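> The opening position of the sequence shown corresponds to residue 1 in UniProt numbering, with each subsequent residue numbered one higher. Ideal Cβ positions, reconstructed from N, Cα and C, are used throughout, including at glycine. Keep in mind the model is a prediction, meaning the values are calculated, not measured. If you scroll down you'll find the structure; I have some questions about it.
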Amino acid sequence: MGEEKDGVPNGEMAPQEESSKVLLNEGADGAKAEVQAADIKVDIATEDEFRGLTKSELMKYAKDPFWVRLRIILMFLFWAAWVAMLVLAIWIIVKAPACEPPPTITWMQESAMVEVNPSAMDPQDSVNLVKALGLSSFYIPALISGHDFYKLNPAYVAEQVTSLLQALTGAGVHGVTDFVPSPVLPYNSWVVNTSYAHLFNLPALTLNYDEEDLSPELQKVLIFWKNEYNITGFTVPADETEKQPELHNLTTSLNHDLADQDIVVGEGMVDVSDAVSNLNLPGSFQQFLKLNSDSWPYYKFMPVVADHRTASPAQMPAVTMALMLSPGTPILQIPGNNTEKFVTSLGGVVAACSELRSKDAFKFGATEFVNSTANVVAFTRIRTMKGTPGYAVVSNLAHEDVLLDFSILPAVPSTGTLVYNLTSGEVPPSNKVDLTSVLVEGHGGAVIEFVAQDH
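Here it is as structure tokens:
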């Protein structure tokens, strides 16, 4: 419609823009049709996407000399690279430094032992004693007869020994005794039997440790004692090894050959009675421990002092703790076979130290002593492996309190955690310790755990 004029609509259509109209062909009646431009759809042709060469097109190049040579070169390069990587991997494996095997100790080294007397101790009391002390081994001295290695020492009553061994080994505890094969007694069965003559250094009655037939014969003896009496540990005195260095090679061979039998031959048995009795001499006990810190001896030790000895009974807990936590295996002797009194006085110390001995630092760690007063034994046990804690151990053999600085050692930090207090036998709730200033009471001791630092 047109615009209104004077309020009356105009009958004429409003003009439209010419650009918005598209004229189509006239119809049969001569009329003209109009279509808006927006109604027109225009198709624009697009190029086809690249789909690669067809098989027939590709085969045209298959025998082209350029592509044939290129394929051969690439194939040789691939296999040459593969062979080179294989050779390199083998070379790295061969030349790489071998990892050290994890350290191990035998069951005879791991646990301290207590000496039991078949003629004086009830079998069940012996079992209770071993369990109360937290031990896994016991020791009976000289079970093997010197006249015949296959017979029990006549000093013992067979029934008593059998009952005791059945009770202890039945409780899962290892049995240990002495074995000193040389020199033998004049009427030993091996001396009488001439077929064993080649095993001896004639005319002496000492065994020839270099004789290759000796090890198999001794293996038979040790296996017999395992089968008949369930004794699987045997100690050899340190002085025998010192007198005859060839004995060390023999014990090493026996341990290797009898490993599948769980039989252990431990060399280095020493009696520390003299070292303990001389505790009044400044530094004597400390010096004794330092001399043996690089080996693993077996300490035969009675943690009670006789009246005629110069050491004080009050020192025995500190001495016991130092021996239990230094490299070596203590063999505790009970005076008068009074097990009840022994457990009351020292049972807590032995049990606490037995638990600590299961830690890697005490089984495999190096020992470093702290310079201190003559009557103070102080050392650390640290394993070089990262992530395992180290321990500081101090035993005060003097009457007076002492102040000790462990941080002078490079691997020791300034603080640690108290894990055992010898005086009270307990750990206080606030157990953080300043390792630069450790206060130890007279005849007291402490074990402090810390994280070793790089040095």
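1) CA-CA distance, Pro96 and Phe364?
2) Taking the alpha carbon of Phe379 as the reference point, which residue from Asp178, Leu289, Leu422 has its own alpha carbon closest?
3) Which same chain residues end up closer than 7 angstroms to Ser182 when comparing Cβ atoms and leaving out the 5 residues on each side of it in sequence?
4) In terms of DSSP beta bridges, what is Ile448 paired with?
5) Just to check my reading of the structure: residue 458 and Leu397 have Cβ atoms closer than 8 angstroms, yes? What is that Cβ distance to the nearest angstrom?
6) Between which two residues does the beta strand (DSSP E) carrying Gly175 extend?
7) Counting Cβ pairs, one atom from each stretch, are 3 or more of them under 8 angstroms apart for the stretch 109–126 and the stretch 323–343?
8) Can you give the beta carbon distance from Asp401 to Leu439, rounded, assuming they're within the 8 angstroms contact cut?
9) My understanding is that Leu199 touches Glu212, with C-beta atoms under 8 angstroms, so please give their C-beta distance in whole angstroms.
10) Going by the CB atoms, is the gap between Leu135 and Leu354 shorter than 9 angstroms?
11) When you compare only the Cα positions, how much space is there between Gln166 and Leu222?
12) So, is Pro101 buried or exposed, given that buried needs 16 or more other C-beta atoms within 10 angstroms?
13) Does the distance from the CB of Gly445 to the CB of Val394 come in under 9 angstroms?
14) Give the straight-line distance between the Cα atoms of Gln219 and Asp257, rounded to the nearest whole angstrom.
15) Can you tell me where the beta strand (DSSP E) holding Ile382 begins and where it ends?
16) Relative to the C-alpha of Trp107, which candidate in Ser56, Ala98, Val264 has its C-alpha closest?
17) Candidates Arg383, Ser312, Tyr420, Asn421: which alpha carbon is nearest Val412's?
18) For a quick check, are the C-beta atoms of Val180 and Ser137 less than 9 angstroms apart?
19) Is it buried or exposed for residue 456, if we count other Cβ within 10 angstroms and need 16 for buried?
20) Along the chain, where does the alpha helix (DSSP H) containing Ile72 start, and where does it finish?
21) Considering just the uninterrupted stretch of the beta strand (DSSP E) at Thr329, what are its terminal residues?
22) Give the secondary structure of Leu23 by DSSP, where H, G and I count as helix, E and B as strand, and everything else as coil.
23) Between Val184 and Ser215, what straight-line distance do the alpha-carbon atoms span, to the nearest angstrom?
24) On the three-state DSSP scale, how would you describe Ala132?
25) With a Cβ-Cβ cutoff of 9 angstroms, do Leu356 and Met316 count as a contact?
26) Just tell me which of Asn188, Val157, Ala171 has its CA closest to the CA of residue 469.
27) Ignoring anything shorter than 3 residues, give me the beta strand (DSSP E) runs that lie fully in the stretch 209–237, in order along the chain.
28) Is Trp296 closer than 9 angstroms to Gly268 when the C-beta atoms are compared?
29) Report the rounded CA-to-CA distance for Gln261 versus Lys341, giving the unit in angstroms.
Taking the coordinates as given:
1) Position 96 of the sequence shown, counted from the start, is the residue given in the question as residue 96. Position 364 of the sequence shown, counted from the start, is the residue given in the question as residue 364. The sequence as given places Ala at residue 96; Pro does not occur at that position. Those two C-alpha atoms are separated by around 25 angstroms.
2) As a position in the sequence shown, residue 379 is number 379, starting the count at 1. Selected option, being the one with the closest Cα: Leu289.
3) Translated into positions along the sequence shown, residue 182 becomes position 182. Exclusion of the five residues before and after Ser182 leaves Thr206, Leu207 as the residues of its chain whose Cβ lies within less than 7 angstroms of its Cβ.
4) As a working mapping, residue 448 is identified with position 448 in the sequence shown. Partner(s): Ala392, Leu418.
5) Nothing in the structure corresponds to residue 458, since the chain is present only between 1 and 455.
6) In the sequence shown, counting from the first residue as 1, residue 175 sits at position 175. Start and end: 174–178.
7) Contact between the stretch 109–126 and the stretch 323–343 is present, because at least three Cβ pairs lie under 8 angstroms.
8) As a working mapping, residue 401 is identified with position 401 in the sequence shown. As a working mapping, residue 439 is identified with position 439 in the sequence shown. Going by Cβ atoms, the distance from Asp401 to Leu439 rounds to 6 angstroms, so yes, they are a contact pair.
9) Reading the sequence shown from its first residue, position 199 is the one you call residue 199. Reading the sequence shown from its first residue, position 212 is the one you call residue 212. Contact flag wrong, Cβ pair sits at about 10 angstroms.
10) By 1-based counting over the sequence shown, the position of residue 354 is 354. By 1-based counting over the sequence shown, the position of residue 135 is 135. Sequence check: residue 354 is Ser here, not Leu. Closer than 9 angstroms, so yes.
11) Numbered from 1 along the sequence shown, position 166 holds the residue referred to as residue 166. Numbered from 1 along the sequence shown, position 222 holds the residue referred to as residue 222. Whole-angstrom Cα-Cα distance: 18 angstroms.
12) Counting from one through the sequence shown, the residue named residue 101 turns up at place 101. Pro101 is exposed by the Cβ-count criterion.
13) Position 445 of the sequence shown holds residue 445. Position 394 of the sequence shown holds residue 394. It is a contact, given that the beta carbons lie within the stated cut-off.
14) For this step, residue 219 is matched to residue 219 along the sequence shown. For this step, residue 257 is matched to residue 257 along the sequence shown. Whole-angstrom Cα-Cα distance: 8 angstroms.
15) On the sequence shown, residue 382 is found 382 positions in, with the first residue counted as 1. Going by DSSP, Ile382 is part of the beta strand (DSSP E) stretching over 376–382.
16) Counting from 1 along the sequence shown, the entry for residue 107 is found at position 107. When only C-alpha atoms are compared, the closest one is Val264.
17) Taking the sequence shown and counting its residues from 1, the one referred to as residue 412 is at position 412. Per the Cα distances, Arg383.
18) Within the sequence shown, the letter at position 180 stands for residue 180. Within the sequence shown, the letter at position 137 stands for residue 137. Not in contact: Val180 and Ser137 (Cβ atoms no closer than 9 angstroms).
19) Residue 456 lies beyond the residue range present for the chain, which begins at 1 and ends at 455; the question has no answer from this structure.
20) As a position in the sequence shown, residue 72 is number 72, starting the count at 1. Counting along the chain, the alpha helix (DSSP H) containing Ile72 begins and ends at 65–95.
21) Taking the sequence shown and counting its residues from 1, the one referred to as residue 329 is at position 329. 329–332 is the span of the beta strand (DSSP E), which, as asked, contains Thr329.
22) By 1-based counting over the sequence shown, the position of residue 23 is 23. Since pLDDT at Leu23 reaches only 48, below the 50 mark, its modelled position is unreliable, and no value is offered.
23) Along the sequence shown, read from residue 1 onward, the residue named residue 184 stands at position 184. Along the sequence shown, read from residue 1 onward, the residue named residue 215 stands at position 215. Each residue's alpha carbon lies about 16 angstroms from the other.
24) Position 132 of the sequence shown, counted from the first residue, corresponds to residue 132. Looking at Ala132 - three-state DSSP - the assignment turns out to be helix.
25) Here residue 356 refers to the residue found at position 356 of the sequence shown. Here residue 316 refers to the residue found at position 316 of the sequence shown. No, these two residues do not count as a Cβ contact at 9 angstroms.
26) Residue 469 cannot be examined here, being either before or after the span of the chain that is shown, 1 to 455.
27) 231–237
28) Here residue 268 refers to the residue found at position 268 of the sequence shown. Here residue 296 refers to the residue found at position 296 of the sequence shown. Yes; because the gap between Cβ atoms is below 9 angstroms, this pair is in contact.
29) One-based indexing of the sequence shown puts residue 261 at position 261. One-based indexing of the sequence shown puts residue 341 at position 341. If you take the alpha carbons of Gln261 and Lys341, they lie about 37 angstroms apart.
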